[in-house]
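Participant:
There are 2 protein chains.
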Amino acid sequence: MSTETGSGWAEHARAVLDQSGHRKARARDALIDLLASQPCALSALEIEDHLRDDGRRVARASIYRILELLADQGLVSRLELGDGTSRYELIDPAGEHHHHFLCDVCGNLLPFDDRDLERSIDRLARRLQFDARDHEVVLHGSCSGCRS
Amino acid sequence: MSTETGSGWAEHARAVLDQSGHRKARARDALIDLLASQPCALSALEIEDHLRDDGRRVARASIYRILELLADQGLVSRLELGDGTSRYELIDPAGEHHHHFLCDVCGNLLPFDDRDLERSIDRLARRLQFDARDHEVVLHGSCSGCRS
DNA sequence: GTGAATGCAAACTCTTTGCATGACT
DNA sequence: AGTCATGCAAAGAGTTTGCATTCAC
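Residue numbers (the working numbering), protein chains in the order written: chain A, 1 to 148; chain B, 149 to 296.
Here it is as structure tokens:
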């Protein structure tokens, strides 16, 4: 499922960029392909490592610039989960999204979703006097492998 | 109410530190008093500014070290809300807590709480296979003053 | 050819660490 | 006196910016 979402997203992302007048670009294509293949969020430095390992080396500054562009276009979201770095993951054009559990022991990052939670947040956003376009839920604790 | 919570917390914090063998300390007292007076989370640099304005100047390195100590003792929580900095706020010993709305336009930070949301998160944590000790919910959008 | 995209290096911000000085018991 | 706490300065990590080069159109 995540693969299908991802490859659909890659096409979508290229179409959006094309329509907004951006040229074909090697580094950007590499990032889009990588993000499309990921089940969960990656940091900029993790992205750099993956791309290098794949033989598609992209300069660090370019990675940040491309991620900023993709975020501005609403194609990726930027998350801070509490370990001092930003992480990036694709935004499903259909609106599907998940939240994150971060193991404070080993740093492992696990996605989850929960309909009930989403409903609560929707109700809450409606109740409040501000316009909530996005939300983020992070659970902290220890994962099954790290339980003390 | 937040004042009462805060001053109760200051006593509590000093008791906890005393019991864990920490000495009386000028800089730490200044931070505890400041945190106790705040309705919402502050960054380390904001803390530095407030303390300087109050004539209780504390070195930046000490601020970070004290915040780390307080966090280790379970007295403050460290939050990352998506603007690249960490923020700190007291943890109410009675377990009361709030979450945050961050205005992406002006950077304003607003606390809110919601029973229904807490219930959803509790149910979710029980359902999942990992041990969730803490959670954080951040809403992003534009506040009433910044609505386009 | 023109302007966008990229790479490289330097700058910047936030945070942490090392070491000397000062304060509490 | 002994050791914890603090300040100062330097080092680190992540991120951003400036500028020259390369590439798409």
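Glycine residues also receive a C-beta, built at the ideal position from the N, C-alpha and C atoms.
Tell me where the alpha helix (DSSP H) around leucine 182 (chain B) begins and ends.
Facilitator: Segment 174-184, the alpha helix (DSSP H) holding leucine 182 (chain B).
Participant: Buried or exposed: which applies to leucine 193 (chain B), given that a residue is buried once 16 or more other Cβ atoms fall within 10 Å of its Cβ?
Facilitator: By the neighbour-count rule (16 or more Cβ atoms within 10 Å), leucine 193 (chain B) is not buried but exposed.
Participant: Could you tell me if histidine 283 (chain B) is buried or exposed, where buried requires 16 or more neighbouring beta carbons within 10 angstroms of its beta carbon?
Facilitator: Classification of histidine 283 (chain B): buried, given that the 10 Å Cβ count is 16 or more.
Participant: Under the rule that 16 or more other beta-carbon atoms within 10 Å means buried, what is serine 120 (chain A), buried or exposed?
Facilitator: With 16 or more Cβ atoms within 10 Å of its Cβ, serine 120 (chain A) is classed as buried.
Participant: Kindly say whether aspartate 131 (chain A), judged by its beta-carbon, lies nearer than 8 Å to any beta-carbon of chain B.
Facilitator: For aspartate 131 (chain A), the answer is yes, since a Cβ of chain B falls inside 8 Å of its Cβ.
Participant: Does serine 168 (chain B) come out as helix, strand or coil in the three-state DSSP assignment?
Facilitator: Here serine 168 (chain B) sits in coil by DSSP.
Participant: Is cysteine 146 (chain A) helix, strand or coil by DSSP?
Facilitator: Three-state result, cysteine 146 (chain A): helix.
Participant: Arginine 226 (chain B) by DSSP, collapsed to three states: which one?
Facilitator: Correct three-state label for arginine 226 (chain B): strand.
Participant: From the beta carbon of isoleucine 269 (chain B), is the nearest beta carbon of chain A less than 8 Å away?
Facilitator: Yes, because at least one Cβ of chain A sits closer than 8 Å to the Cβ of isoleucine 269 (chain B).
Participant: On the CB-based measure, 16 or more other CB atoms within 10 Å of its CB, does valine 105 (chain A) come out buried or exposed?
Facilitator: Under this definition valine 105 (chain A) is an exposed residue.
Participant: When DSSP labels each residue in this structure, what does glutamate 159 (chain B) get in the three-state scheme?
Facilitator: Correct three-state label for glutamate 159 (chain B): helix.
Participant: Using DSSP with H/G/I as helix, E/B as strand and the rest coil, what is leucine 110 (chain A)?
Facilitator: Reduced to three states, the DSSP call for leucine 110 (chain A) is strand.
Participant: I'd like to know if the stretch 167-187 of chain B and the stretch 205-214 of chain B are in contact, where contact means that at least 3 CB-CB pairs between them fall below 8 Å.
Facilitator: Yes, the stretch 167-187 of chain B is in contact with the stretch 205-214 of chain B.
Participant: Under 7 Å Cβ-Cβ, which residues of chain B neighbour glycine 8 (chain A)?
Facilitator: Chain B residues near glycine 8 (chain A): none, gap ~25 Å exceeds 7 Å.
Participant: Using CA atoms only, rank isn't needed, just tell me which of B:Leu272, B:Gly255, B:Leu190, B:Gly222 is closest to serine 234 (chain B).
Facilitator: Out of B:Leu272, B:Gly255, B:Leu190, B:Gly222, B:Leu190 has the C-alpha closest to the C-alpha of serine 234 (chain B).
Participant: Please classify glycine 141 (chain A): is it buried, with 16 or more other beta-carbons within 10 angstroms of its beta-carbon, or exposed?
Facilitator: Label assigned to glycine 141 (chain A): buried.
Participant: Who are the neighbours of histidine 140 (chain A) on chain B, taking C-beta pairs under 9 Å?
Facilitator: Ordered by position in chain B, the residues that pass the 9 Å Cβ test against histidine 140 (chain A) are Ala280, Arg281, Asp282, His283, Glu284.
Participant: Does chain B have any CB closer than 8 Å to the CB of cysteine 143 (chain A)?
Facilitator: Closer than 8 Å to some Cβ of chain B, the Cβ of cysteine 143 (chain A) qualifies, so yes.
Participant: Start and end of the beta strand (DSSP E) containing histidine 198 (chain B)?
Facilitator: Per DSSP, histidine 198 (chain B) belongs to no beta strand (DSSP E); it is in the alpha helix (DSSP H), 192-201.
Participant: Just how far apart, CA to CA, sit glycine 156 (chain B) and isoleucine 195 (chain B)?
Facilitator: Cα to Cα, glycine 156 (chain B) sits roughly 20 Å from isoleucine 195 (chain B).
Participant: Who are phenylalanine 278 (chain B)'s beta bridge partners in DSSP?
Facilitator: According to DSSP, which records beta bridges pairwise, phenylalanine 278 (chain B) is partnered with nothing at all.
Participant: Between the beta-carbon of serine 20 (chain A) and the beta-carbon of glutamine 73 (chain A), is there less than 8 Å?
Facilitator: A contact, by the Cβ cut-off of 8 Å.
Participant: Of the residues that make up the stretch 65-84 of chain A, which ones have a beta carbon closer than 9 Å to any beta carbon in chain B?
Facilitator: Result list: Arg78, Leu79, Glu80, Leu81, Gly82, Asp83, Gly84.
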